[in-house]
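In what follows, a single structure is set out as structure tokens and then discussed.
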Amino acid sequence: MSKTKVDTHRESSESGKEIEFGTHGSAGAATQKPKAITTRTISEMKRKGQKIAALTAYDAITARILDEAGLDIILVGDSLSNVFQGNDTTIPVTLEEMIYHAKIVARVVKHALVVVDMPFMSFQVDVKEAIRNAGRILKETGASAVKLEGGKPIVESVRRMTEIGIPVMGHLGLTPQSINKFGGYKPRGEEKEEATGILKDAKLLEDAGAFSIVLEKIPSQLASSVTKSVGIPTIGIGAGPGCDGQVLVYADMVGLTQEFKPRFVRHYANVAEEMRKAFLNYADDVRKGKFPTKEESY
Ligand code: KIV
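In case it helps, the numbering used here puts the sequence shown at residues 1 to 298.
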């Protein structure tokens, strides 16, 4: 059964109590149970000048660790295609596969807002199909919002979704589902015309009811202008420090995908190396008869 996240923000503000958002304030966390973060909480964070921390997850083990670490948003990104499935692009991942992974993530997350990417061709055909597929994601996974890449061409779908209760996160700049149009992963919005288009699209998405927008690989100055010109939070990836929040693919920032090292990824750990060492040591112990010991046996 799908899990509904309670809008604890509203409950708390109406009862006049101090509100704790995510990890912001360990004293609160010690005395209160963690609150489920809603799209409303995310909007409030921009108003209060609190930065939003987001990472991707595709499985229960990682999602649980991210949630315990107090991330505000966990994105089941279609980067699943690259990271988990070993594809070169995000084009091949299907709606069924996104639903399968999102269901697993949403099942274990108690605190963060779970957002799910709508994969390529699950929302581009027409508004009806887009809504039906977005509805499936929410109904079948227990996640709280969907993310759609693109601007003007998808604005009508965004409007209808938000009208009927499907929260939408937008995604502008480098939109990997358009890789065949762009012809590469170079930054977007470096030329005036494209930069103006991104600004306009951001406003259109806000008017259509999107609750936030991912800005991917655009110049910092443009990302700051977008952030100032819309009332909804911007979540940057390779878009500089001026955004309201940041998102990274978790596997990149923990050093699991070592061959992928664009400028905007900071390695916070070298998990691939740790795993390699553990696997080597295990295999060595097995081959030498050192594992298991008597204590590790029944
Ligand atoms: O698919 C994904 O992981 C994303 C983020 C990089 C924003 O869209």
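Note that beta-carbon positions come from the ideal geometry of N, C-alpha and C, so glycine has one too.
This structure is a prediction, so every number in the text was calculated from the model and none was measured.
Within 10 Å of its beta-carbon, does residue i have 16 or more other beta-carbons around it, so buried, or fewer, so exposed?
i: aspartate 285; result: exposed
i: serine 157; result: buried
i: lysine 294; result: exposed
i: leucine 66; result: buried
i: isoleucine 164; result: exposed
i: arginine 287; result: exposed
i: glutamate 296; result: exposed
i: isoleucine 61; result: exposed
i: leucine 280; result: exposed
i: valine 93; result: buried
i: tyrosine 58; result: buried
i: threonine 196; result: exposed
i: glycine 170; result: buried
i: valine 226; result: buried
i: glycine 69; result: Sequence inspection shows alanine at residue 69; the glycine mentioned does not correspond to that position. It counts as exposed.
i: alanine 202; result: buried
i: proline 262; result: exposed
i: lysine 46; result: buried
i: aspartate 88; result: exposed
i: alanine 278; result: exposed
i: glutamate 11; result: Because glutamate 11 sits at a pLDDT of 37, beneath the cut-off of 50, its placement in the model cannot be relied upon, and the point is left open.
Is the beta carbon of residue i sitting closer than 8 Å to the one on residue j?
i: glutamate 151; j: glutamate 216; result: Note that residue 151 is glycine in the sequence shown here, rather than glutamate. No, these two residues do not count as a Cβ contact at 8 Å.
i: valine 271; j: leucine 55; result: no
i: valine 83; j: alanine 251; result: yes
i: glycine 255; j: alanine 269; result: yes
i: threonine 90; j: phenylalanine 120; result: yes
i: glycine 189; j: proline 219; result: yes
i: isoleucine 131; j: methionine 118; result: no
i: leucine 199; j: valine 168; result: no
i: alanine 134; j: isoleucine 99; result: no
i: glycine 242; j: alanine 223; result: yes
i: isoleucine 237; j: isoleucine 52; result: no
i: methionine 275; j: arginine 266; result: no
i: alanine 36; j: histidine 111; result: yes
i: tyrosine 298; j: phenylalanine 291; result: no
i: lysine 38; j: leucine 113; result: The amino acid occupying residue 38 in the given sequence is threonine; lysine does not appear at that position. In this structure, leucine 113 lies closer than 8 Å to threonine 38 by Cβ.
i: arginine 160; j: valine 125; result: no
i: histidine 101; j: leucine 71; result: no
Exercise. At what residue ranges does the region 150 to 175 contain a whole run of the alpha helix (DSSP H), taking only runs of 4 or more?
Worked result: 155 to 163
Exercise. Do three or more CB pairs link the region 127 to 146 to the region 177 to 191 at distances below 8 Å?
Worked result: no
For this session: Would you check if there are 3 or more beta carbon pairs closer than 8 Å linking the region 74 to 84 to the region 102 to 111?
Result: yes
Exercise. Given 8 Å as the limit, is there contact between the region 202 to 220 and the region 33 to 47, that is, 3 or more CB pairs closer than that?
Worked result: yes
For this session: Spell out a yes or no on whether the region 220 to 238 and the region 196 to 207 are touching, meaning 3 or more CB-CB pairs, one atom from each, closer than 8 Å.
Result: yes
Problem set entry | alpha helix (DSSP H) segments (min. 4 residues) lying fully within the region 88 to 160 | 95 to 108 and 127 to 141
Exercise. Which ranges does the beta strand (DSSP E) cover as unbroken runs of at least 3 residues, wholly within the region 221 to 247, from first to last along the chain?
Worked result: 234 to 237
Exercise. In chain order, which continuous runs of the alpha helix (DSSP H) of length 4 or greater are located wholly inside the region 185 to 224?
Worked result: 192 to 208
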